[in-house]
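Protein chains in written order, with the working numbering: chain X, 6 to 253; chain V, 6 to 253. Even for Gly, the Cβ is constructed at its ideal location relative to N, Cα and C. Computed from a predicted model, the values in this text were never measured in an experiment. So the structure is just underneath, and the comments pick up after that.
Protein chains: 2
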Amino acid sequence: MEFEKDNYSTHISQQFNAELETIRTQMLTMGGIVERQVNDAVEALLTGDVELAEQARRIDKQTNEMELLIDEQCTTTIARRQPAASDLRLIISISRAISDLERIGDESSRIAQQAIELAEGNRTQHGFQEVRHIGNLVRDMVKDVLTAFARNDLEMAYRVAKQDRNVDQEYRSAMRALVTYMMEDVRSISSIMNVIWVLRSLERIGDHSRNLAEHLIYQVSGTDVRHQSLQSIKQMVGSDEDSDSDEE
Amino acid sequence: MEFEKDNYSTHISQQFNAELETIRTQMLTMGGIVERQVNDAVEALLTGDVELAEQARRIDKQTNEMELLIDEQCTTTIARRQPAASDLRLIISISRAISDLERIGDESSRIAQQAIELAEGNRTQHGFQEVRHIGNLVRDMVKDVLTAFARNDLEMAYRVAKQDRNVDQEYRSAMRALVTYMMEDVRSISSIMNVIWVLRSLERIGDHSRNLAEHLIYQVSGTDVRHQSLQSIKQMVGSDEDSDSDEE
Chain X
6 MEFEKDNYST HISQQFNAEL ETIRTQMLTM GGIVERQVND AVEALLTGDV
56 ELAEQARRID KQTNEMELLI DEQCTTTIAR RQPAASDLRL IISISRAISD
106 LERIGDESSR IAQQAIELAE GNRTQHGFQE VRHIGNLVRD MVKDVLTAFA
156 RNDLEMAYRV AKQDRNVDQE YRSAMRALVT YMMEDVRSIS SIMNVIWVLR
206 SLERIGDHSR NLAEHLIYQV SGTDVRHQSL QSIKQMVGSD EDSDSDEE
Chain V
6 MEFEKDNYST HISQQFNAEL ETIRTQMLTM GGIVERQVND AVEALLTGDV
56 ELAEQARRID KQTNEMELLI DEQCTTTIAR RQPAASDLRL IISISRAISD
106 LERIGDESSR IAQQAIELAE GNRTQHGFQE VRHIGNLVRD MVKDVLTAFA
156 RNDLEMAYRV AKQDRNVDQE YRSAMRALVT YMMEDVRSIS SIMNVIWVLR
206 SLERIGDHSR NLAEHLIYQV SGTDVRHQSL QSIKQMVGSD EDSDSDEE
């Protein structure tokens with residue numbers, strides 16, 4: 006009897022682990038789709054490829070649906086399995102992560118929309134170099150934070166959080182340059198505004214990638230590092246990397 | 006013995022209800038603080054009151070801490086009480102709501118930052134009428150959605166979600182006006198950009214207020230209406246109000 010009960014428990018526990026693994030895999034799949042969407046939106050803008058931009062916009066519906074689906078699975082799992090400690094943290098972390106992934110998808114969709122407006126209107130080249138540069142930075146952040154999630158790699162998560170500071174600096178510097186371009190070339194004001202919205206979206210994608218890194222750190226370590234300084238996050242993950250410690 | 010056990014269950018259940026009520030009250034308190042922050046930030050911008058702007062910025066630290074505190078209580082309650090059905094929905098709804106409240110606080114903080122820059126720099130009056138108008142609209146949305154939460158009033162939540170569409174329209178129209186002002190008055194470009202960021206933040210506060218309305222609808226009805234059309238939300242809450250049904 007005792008033996009059978011143990012078998013039963015093991016069975017339940019295996020089912021539960023499979024459920025958690027399914028949720029985790031779905032989150033990573035959603036992440037892959039969003040990562041692709043960021044790439045396509047930036048590429049569409051830089052090359053003026055309207056078809057690619059339309060494609061990047063359409064993906065949004067899919068990521069919205071995935072968010073609802075995964076969130077429902079998270080809620081059902083909590084209600085049915087009543088997980089505690091690290092299992093509950095995993096579910097909460099994934100629930101928070103898909104919300105940030107969905108917002109990255111929203112921002113990519115906005116970039117694609119600006120790409121379409123730019124391609125149709127009086128096309129400017131002002132700020133394209135900045136879009137390419139910051140686009141590359143945030144694309145790597147999205148890719149790296151998903152890899153960190155796949156490997157439970159806190160050191161990598163910390164590097165993503167740290168990178169967000171560079172993105173913010175590059176963003177501020179690009180904004181100053183674009184305001185100067187507007188003053189020098191009044192006829193381009195409207196299309197430079199399109200580029201400004203793109204940079205703004207890229208900067209927000211950087212923020213959401215940092216949020217994702219923080220969710221992973223919570224999941225693995227149990228410490229909620231949201232709104233904490235980079236220095237505290239560094240100590241939390243025990244990273245040897247230089248945090249520069251000149252944080253704002 | 007049975008009697009004692011019942012007493013014990015009642016006692017546990019009363020404790021649990023008190024715990025849920027505490028979490029709910031704290032969320033509404035946080036909401037009140039954020040509502041005040043929105044008011045102060047917009048007022049500081051319109052009147053050039055730097056001290057009020059500094060005050061609105063400082064509040065941000067408090068709302069960040071409240072988010073962490075309430076979220077931790079939500080997680081602890083799930084782990085200890087293992088709530089099901091409507092109790093679990095209440096906790097999940099509050100956990101989502103405080104995230105949107107914190108983001109409204111962030112946007113208010115950004116508005117206050119722009120107010121400081123505008124007061125210090127070459128002060129423009131371009132776009133102030135638009136800021137006042139849209140500021141009033143989103144301020145009412147924040148106030149109304151918190152009242153809806155306090156009263157579990159889905160009809161009111163629907164009206165907030167509906168109002169977001171008006172804010173989006175007013176925002177687009179204000180943006181067109183501001184781009185025209187920039188072309189007409191090149192020396193004001195930099196300060197008009199400050200106003201543009203303010204309008205952008207107000208528009209985002211409108212989005213977060215709609216999100217809050219959706220979380221309440223999920224909490225009360227059990228249906229996750231995120232990413233749904235206004236028409237579906239209307240049907241869900243059984244509102245008699247005209248939804249105009251000309252949704253994008």
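Asked: Which runs of the alpha helix (DSSP H), 4 residues or longer, sit entirely within the segment 157-197 of chain V?; Found: 159-189
Asked: Check whether chain X comes within 8 Å of residue 220 of chain V, counting only Cβ atoms and requiring the distance to be less than that.; Found: no
Asked: Helix, strand or coil: how does DSSP classify residue 227 of chain V here?; Found: coil
Asked: Can you give the Cα-Cα distance for residue 252 of chain V and residue 236 of chain V, rounded to whole angstroms?; Found: In this predicted model, residue 252 of chain V has a pLDDT of only 45, less than 50, meaning its place in the structure is not dependable enough to derive any value.
Asked: How about residue 155 of chain V and residue 222 of chain V: do their beta carbons lie closer than 8 Å?; Found: no
Asked: For the segment 183-205 of chain V, which residues have a CB atom closer than 7 Å to at least one CB atom of chain X, in sequence order?; Found: 184, 187, 188, 191, 194, 195 and 198
Asked: Looking at C-alpha atoms only, which residue of X:225, X:41 and X:184 is the closest neighbour of residue 112 of chain X?; Found: X:41
Asked: Contact defined as beta carbons within less than 8 Å: I believe residue 146 of chain X pairs with residue 104 of chain X. What is the distance between those atoms, to the nearest angstrom?; Found: With a Cβ gap of about 17 Å, residue 146 of chain X and residue 104 of chain X do not count as contacting.
Asked: Are there three or more Cβ pairs, one per stretch, closer than 8 Å when the segment 203-211 of chain V is compared with the segment 124-137 of chain V?; Found: yes
Asked: Using a Cβ cut-off of 8 Å (strictly closer), state whether residue 207 of chain V contacts chain X.; Found: no
Asked: Pull up the CB-CB distance for residue 65 of chain X and residue 114 of chain X, whole angstroms please, since I reckon it's below 8 Å.; Found: 4 Å
Asked: Rounded to the nearest angstrom, how far is the Cβ of residue 60 of chain V from that of residue 45 of chain V, given a contact under 8 Å?; Found: 6 Å
Asked: Just to check my reading of the structure: residue 150 of chain V and residue 217 of chain V have Cβ atoms closer than 8 Å, yes? What is that Cβ distance to the nearest angstrom?; Found: 5 Å
Asked: According to DSSP, is residue 2 of chain X part of a helix, a strand, or is it coil?; Found: Beyond the ends of chain X as shown, which are 6 and 253, falls residue 2 of chain X; an answer cannot be given.
Asked: Report buried or exposed for residue 138 of chain X, applying the criterion of at least 16 other Cβ atoms within 10 angstroms of its Cβ.; Found: exposed
Asked: Could you name the residues of the same chain whose beta carbon sits closer than 6 Å to that of residue 220 of chain V, not counting the 5 residues immediately before and after it, in chain order?; Found: 98, 101 and 102
Asked: Specify the secondary structure class of residue 213 of chain V as computed by DSSP and reduced to three states.; Found: helix
Asked: Which residues, taken in chain order from the segment 84-109 of chain X, show a beta carbon closer than 9 Å to some beta carbon of chain V?; Found: 84, 85, 87, 88, 89, 90, 93, 94, 97, 100, 101, 104 and 107
Asked: Does residue 213 of chain V get closer than 8 Å to chain X when you measure Cβ to Cβ?; Found: no
Asked: Cα separation between residue 250 of chain X and residue 234 of chain X?; Found: Only weak support is given to the placement of residue 250 of chain X: the predicted model assigns it a pLDDT of 49, under 50, and the value that follows is read from those uncertain coordinates. Their backbone Cα atoms lie some 9 Å apart in a straight line.
Asked: Helix, strand or coil, according to DSSP, for residue 87 of chain X in the structure here?; Found: coil
Asked: Is it the case that the segment 163-173 of chain V contacts the segment 86-93 of chain V, given that we only count it when at least three CB pairs across the two stretches are under 8 Å?; Found: no
Asked: Mind checking the segment 224-238 of chain X against chain V and listing, in chain order, the residues whose C-beta falls within less than 8 Å of any C-beta there?; Found: 229, 231 and 232
Asked: Determine whether the beta carbon atoms of residue 198 of chain X and residue 194 of chain V lie at a separation below 8 Å.; Found: no
Asked: If contact means a Cβ-Cβ distance below 8 Å, which residues of the segment 68-84 of chain X contact chain V?; Found: 69, 70, 72, 73, 76, 77, 80, 83 and 84
Asked: Mind reading off the beta-carbon distance from residue 211 of chain X to residue 158 of chain X? Whole number of angstroms is fine, and I expect it under 8 Å.; Found: About 19 Å separates the two Cβ atoms, so there is no contact after all.
Asked: Taking C-beta to C-beta, are residue 50 of chain V and residue 123 of chain V nearer than 8 Å?; Found: yes
Asked: Tell me the residue span of the alpha helix (DSSP H) that contains residue 244 of chain V.; Found: Per DSSP, residue 244 of chain V belongs to no alpha helix (DSSP H) and is neither H nor E.
Asked: CB residue 116 of chain V to CB residue 55 of chain V, shorter than 8 Å?; Found: no
Asked: Please determine, among X:74, X:22 and X:231, the residue with the shortest C-alpha to C-alpha distance to residue 31 of chain X.; Found: X:74
Asked: Can you name, in chain order, every residue of its own chain whose Cβ lies under 7 Å from the Cβ of residue 244 of chain V, other than the five neighbours on each side?; Found: 160 and 163
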